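> Going by UniProt numbering, the sequence shown wraps up at 201, each residue one higher than the last.
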Amino acid sequence: MARYTGPMTRKSRRFGTDLVGNSKSFERRPFPPGMHGRGRTKDSEYSQQLKEKQKARFAYGVMEKQFRHYYEEATRSTSKTGDILLQILESRLDNVVYRAGFASTRRQARQLVSHGHFQVNGQRVNIPSYRLTPQDIVDVAPKSANLHPIVVAREVFDSRTVPAWMDSRPAQGRIIIHSLPTRDQIVIDVQEQLIVELYSR
1 MARYTGPMTR KSRRFGTDLV GNSKSFERRP FPPGMHGRGR TKDSEYSQQL
51 KEKQKARFAY GVMEKQFRHY YEEATRSTSK TGDILLQILE SRLDNVVYRA
101 GFASTRRQAR QLVSHGHFQV NGQRVNIPSY RLTPQDIVDV APKSANLHPI
151 VVAREVFDSR TVPAWMDSRP AQGRIIIHSL PTRDQIVIDV QEQLIVELYS
201 R
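(1) Check the C-beta distance from tyrosine 60 over to leucine 89 and give it rounded, since I have them as a contact under 8 Å.
(2) Taking tyrosine 130 as the reference, give the member of Arg110, Val187, Lys65, His178 with the closest Cα.
(3) In three-state DSSP terms, what is isoleucine 195?
(4) If you draw a straight line from the C-alpha of alanine 171 to the C-alpha of proline 134, how long is it?
(5) When you compare the CB positions of valine 190 and lysine 55, do they come within less than 8 Å of one another, or not?
(6) Give me the Cβ distance between residue 256 and isoleucine 195, rounded to the nearest whole Å; I'm assuming they're in contact under 8 Å.
(7) Identify whether phenylalanine 58 lies in helix, strand or coil by the three-state DSSP scheme.
(8) Return helix, strand or coil for aspartate 136, following the three-state DSSP convention.
(9) Starting from isoleucine 177, trace the beta strand (DSSP E) in both directions and tell me its first and last residue.
(10) Could you tell me whether the stretch 98-105 touches the stretch 148-165, where touching means 3 or more Cβ pairs closer than 8 Å?
(11) Tell me phenylalanine 157's beta-bridge partners as DSSP assigns them.
Next comes the structure, spelled out in structure tokens:
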């Protein structure tokens, strides 16, 4: 299955939640796609579980195979599977770049990482799914400091809310990971327990 590259606002309307994080279009039309917006009907248990999985997948831009791999990794933890699944998704480099305010969307963050505009602990990393751990330091690559998205990040930083588990320093082009996020530090409209139930069927 190919990665979805269409308009995220359409997906946000389909799932009834803002998957982008700053979608004005969703705020204006918070109903499903269609000429007049279809009325919401009560979903079956399976449909609700599938919907939550798809919401998480589209929000983080992860394909099914990789998402399933993350779930299987989470099941091997002694902590709550759903919490660990979200923790894994949040610790991806593209998500961290987005959460730290260096990109306006995860999709833009993925593109910046893929083009080699960030370093981790002094080494260039161009893999969006690269997993960060406590004490990791993410820097904007020296030659990328004047890129438009990076410049904008510095200008609008004060309007962004950065999670407590990281330290974002736009003026220095640096992100410091203090810890892995706990569930209460992850702001996303997803019922992860329904995802666990889906994969446990």
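In this text, a Cβ means the ideal position worked out from N, Cα and C, and glycines have one as well.
As the structure is a prediction and not an experimental result, all values here were calculated from the model.
Quick look at the numbers:
(1) About 5 Å; that satisfies the 8 Å criterion.
(2) Closest by C-alpha distance to tyrosine 130, out of Arg110, Val187, Lys65, His178, is Arg110.
(3) When DSSP states are grouped into helix, strand and coil, isoleucine 195 belongs to the helix group.
(4) Going from the Cα of alanine 171 to the Cα of proline 134 covers about 22 Å.
(5) Yes; because the gap between Cβ atoms is below 8 Å, this pair is in contact.
(6) Past the edges of the chain, shown from 1 to 201, lies residue 256, and the structure says nothing about it.
(7) Here phenylalanine 58 carries a helix assignment [DSSP, helix/strand/coil].
(8) DSSP, read as helix, strand or coil, puts aspartate 136 in coil.
(9) It spans 174-177 - the beta strand (DSSP E) in which isoleucine 177 sits, taken as one unbroken run.
(10) By the Cβ criterion, the stretch 98-105 is in contact with the stretch 148-165, since at least three pairs of Cβ atoms, one from each stretch, lie closer than 8 Å.
(11) Answer by DSSP bridge pairing: none, since phenylalanine 157 is not bridged.
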